[in-house]
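Residue numbers (mature numbering (1 follows the signal peptide of the UniProt record, and there is no 0)): -21 to -1, 1 to 390. All residues carry an ideal CB built from backbone N, CA and C; glycine is no exception.
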């Protein structure tokens, strides 16, 4: 799975940095002296592999040539340690990847320059992705790409169970009905990950989510969320869905690739994983079935962060401008399989990748990760509750989350 998560250690380092005072004024703004003219930019990325590293390095070299500046791209071996130490010190990288799931930890302590507010062409980027990088009403950084969840269907197992295109589920009711038909033929219907990053899609489909849109209020304990978790629990209890561990798999994509489940709920990274590890599997991809309140999916995205303590902020933003142009995003898509974050590039992407239509469609209405600082332990505890959902109490899981989240958000 290509998604990189930054751990709690980074947040701890950043909080310590903020507490000690390291070049920020009382408003969290950097006081670093700025340099005009050609820059010597340092860029740190959490690369998904050689293809991404080469693509970013090539793009950076082209920008450097045209701008007269220098740009050195470093793929981090351990993004938590390297970036955490760099931000805590006096010479952080000028530009770096920021995962949406960890963005608020950076923004809340003044480590990021909020350049997104005045970024040229900002309206071209999907509104829900911009929301993922907005903190206290400010857009801090520009989303570099996106991934969404969709429903994968093994067409051979589908046919083996006597199902047709008419059985492809578009609602919760149809999902259960098709799953029951598959189970009756001895086929495990659905593989789904056992964390908020998969189960959370059902909350969105029910009209709920873990926190408010601004990330300031815990909203777990609601009738909508209880309905969502109760539905998922029913699938698990009735053997219509299984977590990967129950199928001796590391993630739902592996279970699906091994033919242990007829359906899976995964992101567009599954395409590369199946091609590499299970090239003979035949499958189709559809949007996730709609719930009581309509369609819903989750988005996973990173932005190009600019360090508040960079001495080359103007040049760093110019670099981001080049990296997020429509042409450059499409080039990155071809190189390492991500979807563009720009609305004006997604139509071209879908034309070039017709099999990804469900993922592209989901990008228009996808819900981003919890956007609040100091939530690592709360979210880890939530995942533990979801892992025991089959025999647990949905209401208890949600009430426990709210209690823990209110403490973290108010602290």
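Endpoints, the beta strand (DSSP E) within which residue i is located
{"i": "residue 245", "result": "242 to 246"}
{"i": "residue 50", "result": "49 to 54"}
{"i": "residue 170", "result": "169 to 171"}
Span of the alpha helix (DSSP H) around residue i
{"i": "residue 122", "result": "No alpha helix (DSSP H) contains residue 122, which is instead part of the beta strand (DSSP E) from 121 to 133."}
{"i": "residue 160", "result": "151 to 163"}
{"i": "residue 83", "result": "82 to 87"}
{"i": "residue 382", "result": "373 to 389"}
{"i": "residue 335", "result": "Unbroken run through residue 335: none, as it is neither H nor E."}
{"i": "residue 178", "result": "175 to 184"}
{"i": "residue 208", "result": "202 to 216"}
{"i": "residue 310", "result": "305 to 315"}
{"i": "residue 44", "result": "29 to 46"}
{"i": "residue 63", "result": "58 to 67"}
{"i": "residue 226", "result": "Looking at the DSSP string, residue 226 is not in any alpha helix (DSSP H), and its letter there is neither H nor E."}
{"i": "residue 197", "result": "From DSSP, residue 197 is part of no alpha helix (DSSP H); its letter is neither H nor E."}
{"i": "residue 233", "result": "231 to 236"}
{"i": "residue 358", "result": "355 to 366"}
{"i": "residue 255", "result": "249 to 256"}
{"i": "residue 299", "result": "292 to 302"}
Residues of its chain near residue i, where Cβ-Cβ distance is below 7 Å and the 5 sequence neighbours each way are ignored
{"i": "residue 137", "result": "241"}
{"i": "residue 6", "result": "With a pLDDT of only 43 at residue 6, under 50, the local geometry of the prediction cannot be trusted, and no value is derived from it."}
{"i": "residue 149", "result": "268, 269"}
{"i": "residue 191", "result": "198"}
{"i": "residue 358", "result": "175, 349"}
{"i": "residue 162", "result": "168, 218, 219"}
{"i": "residue 25", "result": "-18, 55, 58, 76"}
Cβ shell of residue i (< 6 Å), same chain only, five flanking positions each side left out
{"i": "residue 199", "result": "189, 377, 380, 381"}
{"i": "residue 316", "result": "251"}
{"i": "residue 177", "result": "171, 244"}
DSSP beta-bridge partners of residue i
{"i": "residue 75", "result": "23, 284"}
{"i": "residue 262", "result": "133"}
{"i": "residue 118", "result": "113"}
{"i": "residue 270", "result": "273"}
{"i": "residue 104", "result": "321"}
{"i": "residue 392", "result": "With the chain covering -21 to 390 only, the question about residue 392 has no answer from this structure."}
{"i": "residue 349", "result": "Per DSSP, none; premise fails for residue 349."}
Cβ shell of residue i (< 8 Å), same chain only, five flanking positions each side left out
{"i": "residue 129", "result": "244, 245, 246, 247, 264, 265, 266, 267, 276, 337, 338, 341"}
{"i": "residue 99", "result": "300"}
{"i": "residue 110", "result": "192, 347, 350"}
{"i": "residue 179", "result": "188, 189, 277, 346"}
{"i": "residue 360", "result": "379, 380, 383"}
{"i": "residue 141", "result": "160, 164"}
{"i": "residue -5", "result": "Bear in mind that a pLDDT of 41 at residue -5, under 50, signals an unreliable position, so the number given afterwards is only what the model happens to contain. 66, 67, 88, 90."}
{"i": "residue 398", "result": "With the chain covering -21 to 390 only, the question about residue 398 has no answer from this structure."}
Contact under 7 Å by Cβ, residue i with residue j
{"i": "residue 302", "j": "residue 125", "result": "no"}
{"i": "residue 187", "j": "residue 203", "result": "yes"}
{"i": "residue 66", "j": "residue 90", "result": "yes"}
{"i": "residue 76", "j": "residue 95", "result": "no"}
{"i": "residue 134", "j": "residue 239", "result": "no"}
{"i": "residue 64", "j": "residue 55", "result": "no"}
{"i": "residue 173", "j": "residue 388", "result": "no"}
{"i": "residue 328", "j": "residue 312", "result": "yes"}
{"i": "residue 48", "j": "residue 308", "result": "no"}
{"i": "residue 271", "j": "residue 185", "result": "yes"}
{"i": "residue 74", "j": "residue 22", "result": "yes"}
{"i": "residue 108", "j": "residue 356", "result": "no"}
{"i": "residue 214", "j": "residue 369", "result": "no"}
- Is it true that the stretch 216 to 223 meets the stretch 151 to 169, where meeting means three or more beta-carbon pairs spaced less than 8 Å apart? yes
- the stretch 15 to 26 in contact with the stretch 287 to 296 per 3-pair CB rule at 8 Å: yes
- Query: Would you say the stretch 197 to 212 touches the stretch 221 to 232, given that touching needs at least three Cβ pairs under 8 Å?
  - Reply: no
- Contact the stretch 345 to 361 vs the stretch 72 to 85: 3+ CB pairs below 8 Å: yes
- Task: Examine the Cβ distances between the stretch 295 to 315 and the stretch 324 to 337 and report whether three or more of them are shorter than 8 Å.
- Result: yes
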